[in-house]
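J.:
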Amino acid sequence: MGVNKDSSFLEGVNRMLDQAAETLDLPPGLAGQIKACNAVYQVSFSVGFRGGYQIFRGWCALHSTHRLPTKGGMRYSPSVNQEEVEALAALMTYKCALVNVPFGGSKTGLCIDPRDYDAHQLERITRRFARELAQKGFISPSTNVPAPDMGTSSREMAWIADTYRNLFPHDVNAIACVTGKPPTQSGITGRTEATGRGVQYGLREFFRYPEDVKKAGLEGGLNGKTAIVQGLGKVGYHAAKFLQAEDGVRIVAIIEHDGAVLSENGLCVEAVKDYIQEKGGLAGYPDAKFIKEGNAVLEAECDILIPAALGGQITSENAGRIRARIVAEAANGPTTYEANEILKERGTVIIPDVYLNAGGVIVSYFEWIRNISHIRFGRMGRRFEENKGLLTIEAIEATTGQAVPEKIREQLIYGAQEIDLVRSGLDDSMRLAYEEIRELHSERENVTDLRTAAFAVAIEKIARAHLEMGV
Ligand code: GLU
0 MGVNKDSSFL
10 EGVNRMLDQA
20 AETLDLPPGL
30 AGQIKACNAV
40 YQVSFSVGFR
50 GGYQIFRGWC
60 ALHSTHRLPT
70 KGGMRYSPSV
80 NQEEVEALAA
90 LMTYKCALVN
100 VPFGGSKTGL
110 CIDPRDYDAH
120 QLERITRRFA
130 RELAQKGFIS
140 PSTNVPAPDM
150 GTSSREMAWI
160 ADTYRNLFPH
170 DVNAIACVTG
180 KPPTQSGITG
190 RTEATGRGVQ
200 YGLREFFRYP
210 EDVKKAGLEG
220 GLNGKTAIVQ
230 GLGKVGYHAA
240 KFLQAEDGVR
250 IVAIIEHDGA
260 VLSENGLCVE
270 AVKDYIQEKG
280 GLAGYPDAKF
290 IKEGNAVLEA
300 ECDILIPAAL
310 GGQITSENAG
320 RIRARIVAEA
330 ANGPTTYEAN
340 EILKERGTVI
350 IPDVYLNAGG
360 VIVSYFEWIR
370 NISHIRFGRM
380 GRRFEENKGL
390 LTIEAIEATT
400 GQAVPEKIRE
410 QLIYGAQEID
420 LVRSGLDDSM
430 RLAYEEIREL
440 HSERENVTDL
450 RTAAFAVAIE
460 KIARAHLEMG
470 V
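Under numbering that gives the first Met the number 0, the letters of the sequence shown match residues 0 to 470, in that order.
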């Protein structure tokens with residue numbers, strides 16, 4: 000995925016891993032074992048359409064099975080190849096370990112441009128792909144659990160779940176064979192926006208530490224900071240929307256496939272999204288400057304650059320010109336290994352993908368638990384909590400002789416719903432992981448950046464698992 004002389008995506012991930020492993024005291028050979036991809040399944044299958052048969056090629060990489068099931072997205076993109084799938088699967092292993100999701104890492108990919116097919120054709124392709132994978136054990140609630148990724152969504156997950164259930168009707172946990180399903184098909188509320196929410200929570204956490212903010216040459220909180228977002232897909236759209244609406248971040252530019260729009264006063268994320276939906280691109284968007292050479296805008300002045308689209312966007316070619324103080328990696332692998340080195344050298348703070356975009360898999364983990372426990376979070380306790388709140392209010396009013404103010408009253412008698420618990424669990428996971436990264440970063444002199452620290456935290460946990468299991 001890297002351009003010209005840059006390392007490929009897989010080489011880059013492995014080199015970053017090596018760099019982190021060198022800062023640790025691991026038994027010889029263990030880093031190599033952690034790095035190695037456990038299994039890759041390549042499949043070719045054909046689907047008959049009216050115009051004849053078409054062959055499709057896909058891969059499923061199970062990177063590490065030190066914990067099961069393995070977990071990771073299913074990508075539909077013309078850029079998918081074995082190397083990319085392996086690199087993404089490795090990132091999933093480190094991501095899960097870092098944010099304490101007890102899964103190994105995997106990735107599934109189909110080399111296809113989904114825009115070339117209608118919904119009916121995509122359903123047939125997806126069901127066929129799912130059958131190929133499930134029959135070989137590459138999809139199941141206990142071995143490998145895919146989820147949405149680039150080019151797929153809850154719609155594909157519903158088709159896969161249905162295919163799996165038909166193949167294995169006696170598996171009581173069949174519905175847990177994929178996550179990111181529609182809420183009406185045993186999905187969990189809040190999964191669609193989870194990665195974007197995670198980006199928001201991760202950035203909030205970073206800005207809670209003035210020392211870290213200072214290292215980026217900034218001060219204060221998120222409020223009033225400027226951001227450029229590349230990609231207004233699921234991740235970029237939600238991250239930008241939440242940061243703008245809830246944290247006062249000014250979105251000064253948005254980059255999409257046909258160009259970029261810029262506005263010093265800030266763009267309305269919702270309006271830009273609606274415009275793209277209606278017109279198919281950004282060109283002609285009112286009240287903003289349009290630049291056709293979209294990627295040049297990655298280099299524009301801002302506090303936070305949020306690449307939320309493809310991998311390999313910041314390379315050795317443009318890294319030297321990036322003016323953002325913080326690169327917040329919402330996409331997987333947006334920065335090549337060489338670009339990473341250049342940015343570090345220049346003092347740009349990178350909040351790495353392996354941490355920042357983990358919100359999706361964290362909430363996927365909650366969905367999987369919900370599915371294997373066959374109950375919605377909050378179902379047992381919500382009314383109980385409400386009654387406790389009412390009792391507390393009665394007790395306060397009886398002893399003080401005063402009415403509890405309406406606002407506090409409402410909060411006290413509120414029993415948490417599933418979405419509240421999902422957000423709370425996601426927030427907690429993002430905060431804890433950042434604290435672990437910070438702690439290791441501050442304790443080890445040889446760890447000089449957040450990515451190395453994040454990888455080191457992950458490696459330590461995976462290494463411990465291997466050593467304890469005696470592998
Ligand atoms: N595709 C997402 C990722 O790359 C989510 C994976 C999951 O939920 O399993 O992290």
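Ideal Cβ positions, reconstructed from N, Cα and C, are used throughout, including at glycine.
1) What residue range is occupied by the uninterrupted alpha helix (DSSP H) comprising Arg-203?
2) Determine the burial state of Glu-444: buried for a count of at least 16 other Cβ atoms within 10 Å of its Cβ, exposed for fewer.
3) Tell me whether Thr-178 counts as near ligand 1, meaning its Cβ is closer than 7 Å to at least one heavy atom of that ligand.
4) Using a threshold of 7 Å, is the CB atom of Val-360 nearer than that to any non-hydrogen atom of ligand 1?
5) Considering only the alpha carbon of each residue, which of Val-360, Gly-186, Gln-18, Gly-71 lies closest to Ile-371?
6) Should Gly-71 be counted as a contact of ligand 1 given a C-beta to heavy atom distance under 7 Å?
7) Bridge partners for Gly-51 per DSSP, in chain order?
8) Taking just the CA atoms, how far does Tyr-208 sit from Ala-173?
9) Return the CA-CA distance between Leu-431 and Ile-418, expressed in angstroms with no decimal places.
10) In chain order, which beta strand (DSSP E) runs of at least 3 residues are fully inside the segment 52-102?
11) Between the segment 385-397 and the segment 200-215, do at least 3 Cβ pairs fall closer than 8 Å?
12) Report the partner residues of Ala-327 according to the DSSP bridge assignment.
13) Can you check DSSP and say which residues form a bridge with Tyr-498?
14) Under a three-way DSSP split, which group does Phe-454 fall into?
15) Have a look at Ser-76 and Lys-224 and give me their C-alpha separation to the nearest angstrom.
16) Under a three-way DSSP split, which group does Lys-180 fall into?
17) Please confirm if the segment 349-365 is in contact with the segment 313-332, defined as three or more CB-CB distances below 8 Å between the two stretches.
18) Just to confirm before moving on: does the CB-CB distance between Pro-147 and Ser-153 stay below 8 Å?
19) For the candidate residues His-373, Met-468, Val-456, whose alpha-carbon lies nearest to that of Val-171?
20) Roughly how many whole angstroms lie between the Cα atoms of Val-2 and Thr-314?
21) Please classify Glu-300: is it buried, with 16 or more other beta-carbons within 10 angstroms of its beta-carbon, or exposed?
22) Between the Cα of Ala-252 and those of Asn-13, His-465, Gly-283, Gly-293, spot the shortest distance and give me the residue it belongs to.
23) List the DSSP bridge partners of Ala-226.
24) Enumerate in chain order the residues of its own chain whose CB-to-CB distance from Pro-181 is below 7 Å, with the five nearest sequence positions on each side excluded.
25) Output the distance between the C-alpha atoms of Gly-380 and Leu-466, rounded to the nearest integer angstrom.
26) Just to confirm, does Pro-101 get its C-beta within under 7 Å of one of the non-hydrogen atoms of ligand 2?
27) Should the segment 14-27 be called in touch with the segment 446-464, which here means at least 3 C-beta pairs below 8 Å?
28) Measuring from the CB of Asn-148, is there a heavy atom of ligand 1 at a distance below 7 Å?
29) What three-state label does DSSP hand Asn-143 in the structure shown?
30) Output the distance between the C-alpha atoms of Thr-183 and Arg-375, rounded to the nearest integer angstrom.
31) From Ala-308, Glu-434, Gly-72, Glu-337, pick the residue whose C-alpha is nearest to that of Gly-319; which is it?
32) For ligand 1, is there a heavy atom less than 7 Å away from the beta-carbon of Asn-264?
33) Report yes if the CB atom of Thr-488 is closer than 8 Å to the CB atom of Met-73, and no otherwise.
34) For Lys-4, count the other beta carbons within 10 Å of its own beta carbon; 16 or more makes it buried, fewer makes it exposed. Which is it?
35) Which whole-angstrom value describes the C-beta separation of Leu-439 and Ala-455, a residue pair presumed to lie in contact below a C-beta threshold of 8 Å?
36) When you compare each of Asp-427, Met-429, Leu-389, Glu-434 to Gln-410 by their alpha carbons, which one comes out closest?
T.: Quick look at the numbers:
1) Arg-203 -> alpha helix (DSSP H) spans 193-205.
2) That one is exposed.
3) Within 7 Å of the C-beta of Thr-178 there is at least one heavy atom belonging to ligand 1.
4) Because some heavy atom of ligand 1 lies under 7 Å away, the Cβ of Val-360 counts as near it: yes.
5) It is Gly-186.
6) Under cutoff, so the answer is yes.
7) DSSP links Gly-51 through a beta bridge to Phe-48.
8) For the pair Ala-173 and Tyr-208, the Cα-to-Cα distance works out to about 43 Å.
9) If you take the alpha carbons of Leu-431 and Ile-418, they lie about 20 Å apart.
10) Counting whole runs of 3 or more residues, the segment 52-102 contains the beta strand (DSSP E) stretches 69-76.
11) Taking one beta carbon from each stretch, the segment 385-397 and the segment 200-215 have fewer than 3 pairs nearer than 8 Å; the two do not touch.
12) Listed as beta-bridge partners of Ala-327 by DSSP are Ile-350.
13) A query on residue 498 cannot be resolved here, the shown segment of the chain reaching from 0 to 470 and no further.
14) Phe-454: helix per DSSP, three-state reduction.
15) Between Ser-76 and Lys-224, the alpha-carbon positions lie close to 33 Å from each other.
16) Correct three-state label for Lys-180: coil.
17) Yes, since at least three Cβ pairs between the segment 349-365 and the segment 313-332 fall closer than 8 Å, the two stretches touch.
18) Cβ distance < 8 Å, so Pro-147 and Ser-153 count as in contact.
19) Val-171 has its Cα closest to that of His-373, out of His-373, Met-468, Val-456.
20) Legend: pLDDT at Val-2 = 48, less than 50; position of this residue unreliable, value from coordinates given subsequently. Rounded to whole angstroms, Val-2 to Thr-314 spans 7 Å at the Cα level.
21) Classification for Glu-300: exposed.
22) Looking at the Cα atoms, Gly-293 is the closest of the given residues.
23) Note: Ala-226 sits in a beta bridge opposite Ile-250, Ile-303.
24) Here Pro-181 has Ser-153, Ala-157 as same chain residues with Cβ atoms under 7 Å from its own Cβ, once five neighbours each way along the sequence are excluded.
25) Cα-Cα distance, rounded: 39 Å.
26) Within the structure as shown, ligand 2 is missing, the only ligands being ligand 1.
27) By the Cβ criterion, the segment 14-27 is in contact with the segment 446-464, since at least three pairs of Cβ atoms, one from each stretch, lie closer than 8 Å.
28) The question names Asn, yet the displayed sequence has Asp at residue 148. True, at least one ligand heavy atom lies under 7 Å from that Cβ.
29) The answer is strand: DSSP assigns Asn-143 an E or B state.
30) Their Cα atoms are separated by approximately 12 Å.
31) The shortest CA-to-CA distance from Gly-319 to any of Ala-308, Glu-434, Gly-72, Glu-337 is the one to Glu-337.
32) Within 7 Å of the C-beta of Asn-264 there is not a single heavy atom belonging to ligand 1.
33) Residue 488 cannot be examined here, being either before or after the span of the chain that is shown, 0 to 470.
34) Exposed is the call here.
35) Between Leu-439 and Ala-455 the beta-carbon gap is near 6 Å, inside 8 Å, which marks them as a contact.
36) Nearest of Asp-427, Met-429, Leu-389, Glu-434 to Gln-410, Cα basis: Leu-389.
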